[in-house]
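Taking full-length UniProt numbering, the leading residue of the sequence shown gets 1, the next gets one more, and so forth. Just so you know, even glycine gets a beta-carbon here, dropped at the ideal spot from N, CA and C.
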Amino acid sequence: MFELFNLDSSAHTFRVPLRWLGVSLHHKKPDRPGTLYFGVVRDPQAALYNTDPLAFRHSTSPAFQVPPGDEPLFRAYFTEVSRLADRPVV
């Protein structure tokens, strides 16, 4: 199970079984922070990280901005999560 919540407020929470989790990082401009999206994928065989936006049934972006230099940290974390959930990573 993956759960995303805000420690300052309970206004926005997102909870989904790992089988259906999708995470994608989109950069509008090179060398600028990208937006991190979390969602529910249509197909549980879809990649868990760097999911194609068309694979999402539902997605949310609670204003996460990721600097380009931090992307490898997210990739490493979600690669391990996908390994534990027996899901592919792109």
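Coarse secondary structure for residue i, derived from DSSP in three states
{"i": "residue 64", "result": "coil"}
{"i": "residue 18", "result": "helix"}
{"i": "residue 84", "result": "helix"}
{"i": "residue 23", "result": "strand"}
{"i": "residue 4", "result": "strand"}
6 Å CB neighbourhood of residue i in its chain, flanking five on each side removed
{"i": "residue 26", "result": "34, 35"}
{"i": "residue 65", "result": "33"}
{"i": "residue 5", "result": "13"}
{"i": "residue 16", "result": "2, 40"}
Cβ-based neighbour list, residue i, same chain, cut-off 8 Å, excluding 5 preceding and 5 following
{"i": "residue 54", "result": "none"}
{"i": "residue 56", "result": "22, 24, 37, 39, 40, 41, 42"}
When the options are compared against residue i, the one with the closest alpha-carbon
{"i": "residue 69", "options": "32, 77, 16", "result": "32"}
{"i": "residue 87", "options": "3, 6, 15, 47", "result": "47"}
{"i": "residue 51", "options": "30, 18, 89, 1", "result": "89"}
{"i": "residue 83", "options": "67, 59, 58, 45", "result": "45"}
{"i": "residue 13", "options": "20, 2, 19", "result": "2"}
{"i": "residue 29", "options": "74, 75, 67, 76", "result": "67"}
Pick out the complete beta strand (DSSP E) segments inside the region 31-81, 3 residues or longer, and give them in chain order. 34-41, 56-60
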